[in-house]
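The structure appears below as structure tokens.
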Amino acid sequence: MGSGSAPSICEWLQAVPFPFPLLASWFSGVALRLRRDRKGATVVLFAVSATALLGAVALITDGGLVYLTQRRVQSATDAAAIAAASAAGTRSSTAALAAATEVVALNGFTTDAETTVLIRNPPASGPYMSNGQAYEVTIHRRQPMALAAALFGMSDSNIGARSVAVLKGQMQVCLLALNGTTRIHSFNKFEARGCAIGANATGSKAVQIENSGSFSAQGVVTAGNCDGCTNPNVKLTEGYQEQVPPISNPYAQLDKLVPPDPPCTTNATINFNSTTRMPRYEQSHTAFCNKAYSVGNDNTVLLDAGTYIFRNASLSLGGATEIRCNGCTFVLVGTGTGMAASFTAANLNRFLCDNCSIVLLGSHPGQVTFGSLSTARLTAPTTNLYNSVLNGMIITRANAGATGSSGNPTLNLSNLNSIDLLGGIYVPNGYARISNMTAPNPSTCLPVVAGSLEVSQLNNFPFDVSGCPSRNTPVPQVMVPRLVE
1 MGSGSAPSIC EWLQAVPFPF PLLASWFSGV ALRLRRDRKG ATVVLFAVSA
51 TALLGAVALI TDGGLVYLTQ RRVQSATDAA AIAAASAAGT RSSTAALAAA
101 TEVVALNGFT TDAETTVLIR NPPASGPYMS NGQAYEVTIH RRQPMALAAA
151 LFGMSDSNIG ARSVAVLKGQ MQVCLLALNG TTRIHSFNKF EARGCAIGAN
201 ATGSKAVQIE NSGSFSAQGV VTAGNCDGCT NPNVKLTEGY QEQVPPISNP
251 YAQLDKLVPP DPPCTTNATI NFNSTTRMPR YEQSHTAFCN KAYSVGNDNT
301 VLLDAGTYIF RNASLSLGGA TEIRCNGCTF VLVGTGTGMA ASFTAANLNR
351 FLCDNCSIVL LGSHPGQVTF GSLSTARLTA PTTNLYNSVL NGMIITRANA
401 GATGSSGNPT LNLSNLNSID LLGGIYVPNG YARISNMTAP NPSTCLPVVA
451 GSLEVSQLNN FPFDVSGCPS RNTPVPQVMV PRLVE
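Next up, the structure:
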């Protein structure tokens, strides 16, 4: 093509992609013949132009259909993957896959002669292929090229799209009521540092913040409504969310703990102190059964590290200046017959239990009570030697069928002048009350998950979960589905 001259139609057609070069070649031959024979030139030129125009229309029409189908396929895979990941937050993997299948169908795609739909958990490839929480959706569609095929012999277009979605944490939750309400009242100052307050109840007062002193938290999240979130003393850095899907229970695996059932001890001793030491399960391979056992009535009592199992029996720690242990796991099993399997630490100057877990199991576990302690410290083991599922937990009351009432809490932490709690607390189907407590050294890991919650009269007792990863303590999270591929 010469510089400064306009290209001929043949040269222009040669420069553009297939099938225009074929048109250019044909048009060149016609042009040569026209130079020799001017007869019928107008008719031939019209025919050539019409053919070129028809080819352009065919390409635009079929190309537009391909583009629109590609957009539809991609939108369908994105929406289906998001739906699956979202459903997985509160339902089974089977239900999540079914949700994705439904969304794909609603977008007009089902597996047939022209379409292939694949939905996988986990993905078959990519960086999330070993992630059991990731969901992959792929759609392949054969798009006929009707006009282009007739004019230029073009084959059908194969259109495909793939999307992968997974739930990602948006906000950590330090106080969560699984099936009841979360009530916070009678406080001068309440703090949830970098974490939210949650309740999975659906009522109008699923979360109650009664107008009192200053209240600060990252947010409030509930399946119901929040009564008090708009109070002027309430400061929520990320606001509050109402009528949202329930928050997942990070401790659900604890409900699968099998209650131990060793034979009962033949030892008749029920009161233990510094001179009469309580034997560990690792020594006796027996359980304490059907009686009220106690540790105390002494100045200082040091319990040996290990596991202590009680069946239809209670354990009370009290009447001593100090009771200490490093590495104790107390397992109390309640079957509904005989004595309530309860744990009590009260009327002590100091109760210091590091790397310890209190575990209540069985169909009818009892209560956990801490009260009237001058100084108390209960920290979770990062690795629990009795059962690794208890890593990072200080109090677990699982497999419970009965729910506590406001007058009889299943977990009662109250009247504690100086307490240091470090680890997770899990009391499903139970009522937990935390009141009148002070923490000179505020915990950086104290997530509390219960059936229902009441928190009041706290003095320098902030809730925080920032240090939980170092304790191997799971934390409830508000999860949102995200496309990651």
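Read left to right, the sequence shown gives residues 1 to 485 (our numbering).
C-beta atoms are modelled at their ideal positions from N, C-alpha and C, and glycine is treated no differently.
Just so it is clear, the structure is predicted and the values come from calculations on it, not from any experiment.
Tell me whether residue i is buried or exposed, calling it buried when 16 or more other Cβ atoms sit within 10 Å of its Cβ.
i    : result
N408 : exposed
T266 : exposed
Q253 : exposed
S294 : buried
A6   : With a pLDDT of 44 at A6, under the threshold of 50, the predicted position of this residue should be treated as unreliable, and no value is reported.
E114 : exposed
L483 : exposed
R397 : buried
L315 : buried
M393 : buried
R71  : exposed
V166 : buried
L302 : exposed
G296 : buried
V258 : exposed
M129 : exposed
D261 : exposed
I270 : exposed
N299 : exposed
P474 : buried
S443 : buried
T410 : buried
So, are the CB atoms of residue i and residue j less than 8 angstroms apart?
i    : j    : result
V244 : F215 : no
L178 : N249 : yes
A502 : V333 : This structure cannot settle anything about residue 502, because the visible part of the chain is limited to 1 through 485.
F288 : A268 : no
E282 : G306 : yes
G451 : G423 : no
E136 : P127 : no
R277 : P462 : no
P469 : C174 : no
K189 : G213 : yes
N472 : N391 : yes
T329 : V359 : yes
T120 : V73  : Sequence inspection shows Arg at residue 120; the Thr mentioned does not correspond to that position. No, these two residues do not count as a Cβ contact at 8 angstroms.
V207 : T230 : no
R479 : G239 : Just to set this straight, residue 479 is Met in the shown sequence, not Arg. No, the Cβ-Cβ distance between M479 and G239 is not below 8 angstroms.
N460 : A439 : yes
T90  : P246 : yes
Would residue i pass as an interface residue toward chain C - the criterion being a Cβ-Cβ separation below 8 angstroms?
i    : result
H140 : Checking the listed chains, one finds no chain C in this structure; it contains a single protein chain.
Since residue i and residue j should fall inside the 8 angstroms C-beta cutoff, what is the C-beta to C-beta distance between them, to a whole number of angstroms?
i    : j    : result
I419 : L373 : 7 angstroms
N290 : M339 : 6 angstroms
A488 : A96  : Because residue 488 is not part of the residues shown, which for the chain are 1 to 485, the question remains open.
Q172 : Q477 : 6 angstroms
N107 : A84  : With 8 angstroms as the limit, N107 and A84 do not qualify as a contact, their Cβ atoms being about 14 angstroms apart.
N412 : G371 : 7 angstroms
S357 : N384 : 6 angstroms
Y308 : V449 : In fact, because the Cβ distance is near 24 angstroms, the residues do not count as touching under 8 angstroms.
Q457 : N436 : 4 angstroms
T77  : T138 : 7 angstroms
Three-pair Cβ contact test at 8 angstroms for the segment 361 to 378 versus the segment 334 to 353: yes
Touch test, the segment 182 to 190 against the segment 160 to 170, Cβ-Cβ under 8 angstroms, three pairs minimum: no
Three CB pairs or more closer than 8 angstroms across the segment 186 to 204 and the segment 221 to 231: yes
In chain order, each beta strand (DSSP E) run of at least 3 residues that lies wholly inside the segment 290 to 336: 292 to 302, 306 to 311, 314 to 326, 328 to 333
Entirely enclosed alpha helix (DSSP H) segments - the segment 163 to 236, minimum 4 residues: none
Within the segment 359 to 436, ranges of the beta strand (DSSP E) (whole runs, at least 3 residues): 365 to 379, 393 to 397, 411 to 416, 419 to 422
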